[in-house]
Amino acid sequence: MIANDRDEPLGHLLKAGYDAPPPAARFTEDLLERMRGELGAAKPQPRDFSRIVLTLSRHWRLVAAAVVLAAGAGLVLLSQNSVVLPPDGAAPNRPIAESTPEAKPVRMVPLEVKLPRAEFVGTDPNIKQSPHLEKPSDKPRPPIMVPEGTKNVALGKPVSASDNEPVVGEAELVTDGNKATQEGHLELGPGRQWVQIDLKEPCAIYAIAIWHYHGLPCVYHDVVVQVADDPDFIENVRTVYNNDYDNSAGLGIGKDLEYIEDYRGRLIAAGGIQARYVRLYSSGNTANDRNHYVEVEVYGKTLPAEGAKEVPLKVELPKATAR
Amino acid sequence: MTDAELIHAIQAGDETALDALYQRYLPSVWRYACSQLAGNVPAAEDVTSETFLAAVRQIGALSPEGGSVGGWLLGIARHKVADVRRRRGRERTVAMETPLDPPCPSAEDGPAALESAETRASVRRVMDSLADDERLALEWKYLDDLSVREIAVRLRRTEKAVEAVLYRARNAFRVAFDRARPTACE
Numbered sequence: 026m027i028a029n030d031r032d033e034p035l036g037h038l039l040k041a042g043y044d045a046p047p048p049a050a051r052f053t054e055d056l057l058e059r060m061r062g063e064l065g066a067a068k069p070q071p072r073d074f075s076r077i078v079l080t081l082s083r084h085w086r087l088v089a090a091a092v093v094l095a096a097g098a099g100l101v102l103l104s105q106n107s108v109v110l111p112p113d114g115a116a117p118n119r120p121i122a123e124s125t126p127e128a129k130p131v132r133m134v135p136l137e138v139k140l141p142r143a144e145f146v147g148t149d150p151n152i153k154q155s156p157h158l159e160k161p162s163d164k165p166r167p168p169i170m171v172p173e174g175t176k177n178v179a180l181g182k183p184v185s186a187s188d189n190e191p192v193v194g195e196a197e198l199v200t201d202g203n204k205a206t207q208e209g210h211l212e213l214g215p216g217r218q219w220v221q222i223d224l225k226e227p228c229a230i231y232a233i234a235i236w237h238y239h240g241l242p243c244v245y246h247d248v249v250v251q252v253a254d255d256p257d258f259i260e261n262v263r264t265v266y267n268n269d270y271d272n273s274a275g276l277g278i279g280k281d282l283e284y285i286e287d288y289r290g291r292l293i294a295a296g297g298i299q300a301r302y303v304r305l306y307s308s309g310n311t312a313n314d315r316n317h318y319v320e321v322e323v324y325g326k327t328l329p330a331e332g333a334k335e336v337p338l339k340v341e342l343p344k345a346t347a348r
Numbered sequence: 260m261t262d263a264e265l266i267h268a269i270q271a272g273d274e275t276a277l278d279a280l281y282q283r284y285l286p287s288v289w290r291y292a293c294s295q296l297a298g299n300v301p302a303a304e305d306v307t308s309e310t311f312l313a314a315v316r317q318i319g320a321l322s323p324e325g326g327s328v329g330g331w332l333l334g335i336a337r338h339k340v341a342d343v344r345r346r347r348g349r350e351r352t353v354a355m356e357t358p359l360d361p362p363c364p365s366a367e368d369g370p371a372a373l374e375s376a377e378t379r380a381s382v383r384r385v386m387d388s389l390a391d392d393e394r395l396a397l398e399w400k401y402l403d404d405l406s407v408r409e410i411a412v413r414l415r416r417t418e419k420a421v422e423a424v425l426y427r428a429r430n431a432f433r434v435a436f437d438r439a440r441p442t443a444c445e
């Protein structure tokens with residue numbers, strides 16, 4: 026047992042400083058009752074015939090197209106256009122709509138990211154190499170392949186932040202298209218903070234580029250990038266980048282490496298993940314305990330509205346990795 | 260029952276397991292909400308309700324083997340606290356209808372009162388700075404009087420690993436507390 030004679034004062038400190046009187050009994054009972062109600066409503070239903078019919082009716086255009094094709098060609102091509110029931114509780118990626126019902130191969134092109142001017146030369150001797158820090162390299166990073174027509178869907182989109190009173194700047198600077206640190210950046214207070222971009226509609230996201238402050242060499246801690254379907258990050262939250270190696274941000278241990286900021290920012294491949302909201306966390310940096318965001322770009326394509334003609338995307342997207 | 264067993268039972272629709280999970284984590288979520296919202300009871304009730312209701316809605320998609328259930332709940336609570344702050348402005352502007360703690364004393368209240376308020380503020384700040392598992396381990400050990408074995412079941416770790424977490428948490432707490440103390444209640 027690892028304990029010592031200072032346990033007792035620590036217990037007293039916590040009781041005095043962190044404990045709270047329990048919530049009212051009526052509140053706890055009411056809440057439990059509401060939770061039971063939610064659980065009853067959320068119980069998984071068996072996949073019965075009526076559900077299949079309902080799903081088919083939602084995809085009536087596909088079903089009709091399949092029937093016409095089969096009748097015309099004398100062939101049954103159900104394997105091409107079959108409707109797959111989504112798994113319970115999961116929000117699967119929707120295929121991207123095209124103007125015709127035939128599946129067209131998507132042309133993949135290297136993503137071109139416009140970089141700002143380099144603002145420093147050299148390294149900071151105070152940044153110590155560690156197994157969690159990526160080795161600095163001047164080599165050009167490998168390109169990320171994205172479908173043709175992919176663009177920065179975050180440009181000019183609304184940004185919110187965990188800190189309602191930023192130390193410097195305004196939230197909208199994060200998506201204003203300007204990556205130079207001296208021409209406006211957002212500074213949030215100490216500790217774990219986040220900025221969040223509302224893409225205004227669901228998008229297929231192929232890459233995310235982040236520029237923290239890059240006027241000096243520094244390493245931002247606990248850089249975590251998540252996407253979700255709702256602004257509260259409750260529905261269908263997925264992590265696309267996480268370099269919090271010790272879970273100090275409480276979002277889980279990440280396997281990505283910390284990196285030294287420079288004009289190239291950090292480019293993260295997202296593999297076509299579908300979401301409306303993007304949230305970026307950090308917990309201070311090696312120079313100070315504050316959090317800075319100069320620009321964030323989200324490269325993707327807007328998804329079609331429900332009911333648009335849908336065709337399967339005929340391309341194997343790369344696994345999400347970071348460079 | 261471990262957290263993972265409880266989650267699987269809840270996913271199968273077991274209300275008893277839901278009650279057990281709720282009783283297990285209500286104190287932690289409640290304390291967190293109270294500490295973040297400066298003792299505003301109605302706001303803490305909102306955060307606690309919204310946290311547990313959101314958790315139940317999402318529990319079908321949760322893979323309990325993937326991480327700590329306590330950390331997951333605190334993660335939801337963090338977002339709900341941020342929502343409350345967005346709705347009502349920052350912590351210092353939240354109306355203190357039913358404060359759990361007396362307000363920060365002035366010098367006229369005497370050195371003991373000052374010391375006590377300063378200590379409370381420091382402890383809250385330090386707890387906020389700890390990783391979720393460390394914070395929960397300290398709470399369970401010192402506020403809920405759980406044994407190391409019970410904490411090990413909740414955190415899905417061995418008793419030795421929990422002792423190590425507690426050791427790290429105590430050290431981190433002391434270091435941060437010594438640093439945080441002089442600026443409390445400024």
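Line order of the protein sequences matches chains A and B.
The number in our numbering is simply the position in the first sequence, starting from 1, with 25 added.
The number in our numbering is simply the position in the second sequence, starting from 1, with 259 added.
Quick reminder that beta carbons are idealized off the backbone N, C-alpha and C, glycines included.
{"Item": "Specify the secondary structure class of residue 43/A as computed by DSSP and reduced to three states.", "Value": "coil"}
{"Item": "Give the residues of chain A in contact with residue 345/B, contact being defined as C-beta atoms less than 8 Å apart.", "Value": "185 and 189"}
{"Item": "List the residues of chain B whose Cβ lies closer than 9 Å to the Cβ of residue 59/A, in chain order.", "Value": "308, 311, 312 and 315"}
{"Item": "Tell me which residue opens and which closes the alpha helix (DSSP H) that residue 267/B is part of.", "Value": "262-270"}
{"Item": "Nearest to residue 188/A by CA position, among 218/A, 52/A and 259/A, is which residue?", "Value": "218/A"}
{"Item": "Are the beta-carbon atoms belonging to residue 181/A and residue 200/A less than 8 Å from one another?", "Value": "yes"}
{"Item": "What did DSSP end up calling residue 172/A once you bin it into helix, strand or coil?", "Value": "strand"}
{"Item": "So, at 7 Å on beta carbons, what are the nonlocal neighbours of residue 427/B in its own chain, with the 5 sequence-adjacent residues on each side left out?", "Value": "393"}
{"Item": "Quick one: Cα of residue 322/A to Cα of residue 186/A, how far?", "Value": "16 Å"}
{"Item": "Between residue 40/A and residue 303/A, what straight-line distance do the alpha-carbon atoms span, to the nearest angstrom?", "Value": "38 Å"}
{"Item": "Using a cut-off of 8 Å between C-beta atoms, extract the partners of residue 259/A located in chain B.", "Value": "313, 316, 317, 335 and 338"}
{"Item": "Measuring only between beta-carbons, confirm whether residue 292/A sits less than 8 Å from chain B.", "Value": "no"}
{"Item": "Counting along the chain, where does the alpha helix (DSSP H) carrying residue 306/B start and finish?", "Value": "300-317"}
{"Item": "Going by Cα to Cα distance, which pick from 311/B, 330/B and 290/B is closest to residue 55/A?", "Value": "311/B"}
{"Item": "Using the Cα positions of residue 308/A and residue 246/A, report the straight-line distance between them to the nearest angstrom.", "Value": "5 Å"}
{"Item": "Taking the alpha-carbon positions, what's the residue 404/B to residue 419/B distance?", "Value": "18 Å"}
{"Item": "Starting from the beta carbon of residue 52/A, find every residue of chain E whose beta carbon is closer than 7 Å, and list them in chain order.", "Value": "No chain E is present in this structure, whose protein chains are A and B."}
{"Item": "In its own chain, which residues sit with a C-beta less than 8 Å from the C-beta of residue 275/B, not counting the 5 before and 5 after it?", "Value": "268"}
{"Item": "Within 10 angstroms of the Cβ of residue 50/A, are there 16 or more other Cβ atoms? Answer buried if so, exposed if not.", "Value": "exposed"}
{"Item": "Return the bridge partner residues of residue 294/A from the DSSP annotation.", "Value": "232/A"}
{"Item": "Check each candidate in 210/A, 191/A, 229/A and 224/A and name the one with the smallest Cα separation from residue 216/A.", "Value": "191/A"}
{"Item": "Nearest by alpha-carbon distance to residue 286/A: which of 240/A, 38/A and 213/A is it?", "Value": "240/A"}
{"Item": "Specify the secondary structure class of residue 335/B as computed by DSSP and reduced to three states.", "Value": "helix"}
{"Item": "By the DSSP assignment, the alpha helix (DSSP H) with residue 291/B in it spans what residues?", "Value": "274-295"}
{"Item": "Using a C-beta cutoff of 8 Å, does residue 274/B count as contacting chain A?", "Value": "yes"}
{"Item": "Alpha helix (DSSP H) containing residue 263/A: first to last residue?", "Value": "Premise fails: residue 263/A lies in the beta strand (DSSP E), 263-267, not in any alpha helix (DSSP H)."}
{"Item": "If we call anything under 8 Å between Cβ atoms a contact, is residue 262/B one with residue 306/B?", "Value": "no"}
{"Item": "In chain A, which residues lie less than 9 Å from residue 449/B when you measure between Cβ atoms?", "Value": "What the structure shows of chain B is the stretch from 260 to 445, and residue 449/B is not part of that stretch, so it cannot be assessed."}
{"Item": "In whole angstroms, what is the alpha-carbon distance linking residue 444/B and residue 380/B?", "Value": "Confidence in residue 444/B is poor, its pLDDT being 40 and thus under 50, which makes the residue's placement too unreliable to answer from."}
{"Item": "Does chain B have any CB closer than 8 Å to the CB of residue 44/A?", "Value": "yes"}
{"Item": "Within its chain, find whatever has a CB closer than 7 Å to the CB of residue 235/A; leave out the 5 residues flanking it on each side and keep chain order.", "Value": "290, 291, 305 and 321"}
{"Item": "Is residue 198/A helix, strand or coil by DSSP?", "Value": "helix"}
{"Item": "Relative to the C-alpha of residue 410/B, which residue among 401/B, 402/B and 421/B is closest?", "Value": "421/B"}
{"Item": "Run the CB neighbour count on residue 166/A, radius 10 Å, all protein chains shown included, and call it buried at 16 or more, exposed below.", "Value": "exposed"}
{"Item": "With DSSP as the reference, identify every bridge partner of residue 4/A, one or two as the case may be.", "Value": "The question about residue 4/A has no answer here: the residues shown for chain A are numbered 26 through 348."}
{"Item": "In three-state DSSP terms, what is residue 185/A?", "Value": "strand"}
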